[in-house]
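*Asks:*
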Amino acid sequence: MIPLGSRKAVSVFYWFMKRIIVGPILGLLFRPWVKGMDNVPLDGPAVLVSNHLSFSDSIFLPIAVPRPVIFLAKSEYFTGKGIKGKLTAMFFRLSNQLPMDRSGGAASSSSLSAGEAVLNNGGILGIYPEGTRSPDGRLYRGKTGVAKLVLATGVPVIPVAMIGTDKVQPIGRRIPNIRRIGIIVGEPLDFSRYEGLAEDRFVQRSVTDEIMYELMRLSGQEYVDVYASSVKEKLAAAKSSEKKAHGKSASAAPTATEQDTNQKSLRSRLTSIKLPVWLSRKR
4 MIPLGSRKAV SVFYWFMKRI IVGPILGLLF RPWVKGMDNV PLDGPAVLVS NHLSFSDSIF
64 LPIAVPRPVI FLAKSEYFTG KGIKGKLTAM FFRLSNQLPM DRSGGAASSS SLSAGEAVLN
124 NGGILGIYPE GTRSPDGRLY RGKTGVAKLV LATGVPVIPV AMIGTDKVQP IGRRIPNIRR
184 IGIIVGEPLD FSRYEGLAED RFVQRSVTDE IMYELMRLSG QEYVDVYASS VKEKLAAAKS
244 SEKKAHGKSA SAAPTATEQD TNQKSLRSRL TSIKLPVWLS RKR
């Protein structure tokens, strides 16, 4: 968490950048269109869950939302070495972002605890359920960390679809393309029917799948029922092998012919869930 003595500096920097510097410039250049912003509560805790197409998602979304949004960003942004690494870490901290350790286990649990503290203080927390940017513009399987947070705190979930940010700043591109982007905010999702079942893995997966289905519906993206991180690892391995062999590399991402299978898999899990009798009574 950010030390108490630093929160005032974070707040001043955040609002200065949002209202005076970055916000007006981005509004002029990229002319973002927004639908459904009235679905974001004026006060009280909430979790904003979004698809993740580009690094710029974490800039466009908090600027569009009237209230301050605290994002869980990958911990690598906070641990860089040298002057560049330290400046990057300072920028992310001053921009209302918290480090999220994605390695799993106790480290990830500690990061989620920091997010839970934000919600307990009545704030808005931003999370990308995919855990990383999409490698190809498709929507990938969600990780259950967001479900654990939501079930533990009982706060509403606000689904958000970022549109076109992958065209503005694709992975690997530093200077963005100037083109219009969109933001669609869906109606709040309520999972209070699962009260008391925060530790149930079946429930955690069900909640996560329901969130991903809503993101798929809002964004219009093709859904792929595998983790984006595993696809990236396979792509990196294929690229490395290609470099060594100077030959052909096989695509690690699922083929286009699997589109229907992937989307039906998600729908199937949402529509054919048969809860035990004791669990059904919790609905």
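Adding 3 to a residue's 1-based position in the sequence shown gives its number in our numbering. For each residue, glycine too, the CB sits at the ideal point set by N, CA and C.
Can you have a look at Thr211 and say buried or exposed, based on whether 16 or more other CB atoms are within 10 angstroms of its CB?
*Replies:* It counts as buried.
*Asks:* Quick one, are the C-beta atoms of Ala92 and Phe81 less than 8 Å apart?
*Replies:* Taking 8 Å as the Cβ cut-off, Ala92 and Phe81 qualify as a contacting pair.
*Asks:* Round the Cβ separation of His55 and Arg141 to the nearest angstrom and send it over; I've been treating them as touching at under 8 Å.
*Replies:* Not quite, the Cβ-Cβ distance comes to about 11 Å (not below 8 Å), so this is no contact.
*Asks:* Which same chain residues, not among the five before or five after Gly118, have their C-beta less than 6 Å away from its C-beta?
*Replies:* Closer than 6 Å at the Cβ level, and outside the excluded window around Gly118, lie Leu75, Leu128, Leu152.
*Asks:* Starting from the C-beta of Leu192, find all residues in its chain whose C-beta is less than 6 Å away, skip the five residues before and the five after it, and write them out in chain order.
*Replies:* Excluding sequence neighbours, Leu192 sits near Val160.
*Asks:* State buried or exposed for Thr264, treating a residue as buried only when at least 16 other CB atoms are found within 10 Å of its CB.
*Replies:* It is exposed - the Cβ of Thr264 has fewer than 16 other Cβ atoms within 10 Å.
*Asks:* Assuming Lys246 is part of the alpha helix (DSSP H), what are its boundary residues?
*Replies:* Start and end: 231-248.
*Asks:* Between Ala150 and Phe205, what straight-line distance do the alpha-carbon atoms span, to the nearest angstrom?
*Replies:* Rounded to whole angstroms, Ala150 to Phe205 spans 11 Å at the Cα level.
*Asks:* Within 10 angstroms of its Cβ, does Leu32 collect 16 or more other Cβ (buried), or is it exposed?
*Replies:* Exposed, by the Cβ-count rule.
*Asks:* Going along the chain, which unbroken runs of the beta strand (DSSP E) with 3 or more residues stay wholly within the segment 62-142?
*Replies:* Complete beta strand (DSSP E) runs here, min 3: 72-77, 100-103, 127-130.
*Asks:* Could you have a look at Arg272 and say whether DSSP puts it in helix, strand or coil?
*Replies:* Of the three classes helix, strand and coil, the one that applies to Arg272 here is helix, per DSSP.
*Asks:* Can you have a look at Asp41 and say buried or exposed, based on whether 16 or more other CB atoms are within 10 angstroms of its CB?
*Replies:* Exposed: under 16 other Cβ atoms inside 10 Å.
*Asks:* Would you report the Cα separation of Gly167 and Gly148, rounded to the nearest angstrom?
*Replies:* In a straight line, the C-alpha of Gly167 is about 26 Å away from that of Gly148.
*Asks:* Tell me the rounded alpha-carbon separation between Ser233 and Gly134.
*Replies:* If you take the alpha carbons of Ser233 and Gly134, they lie about 11 Å apart.
*Asks:* What three-state label does DSSP hand Ala201 in the structure shown?
*Replies:* Correct three-state label for Ala201: coil.
*Asks:* Which of helix, strand or coil does DSSP assign to Ala43?
*Replies:* According to the sequence displayed, residue 43 carries Val and not Ala. Note: Val43 maps to coil in three-state DSSP.
*Asks:* Ignoring anything shorter than 3 residues, give me the beta strand (DSSP E) runs that lie fully in the segment 141-208, in order along the chain.
*Replies:* Runs of the beta strand (DSSP E) inside the segment 141-208: 160-166, 185-188.
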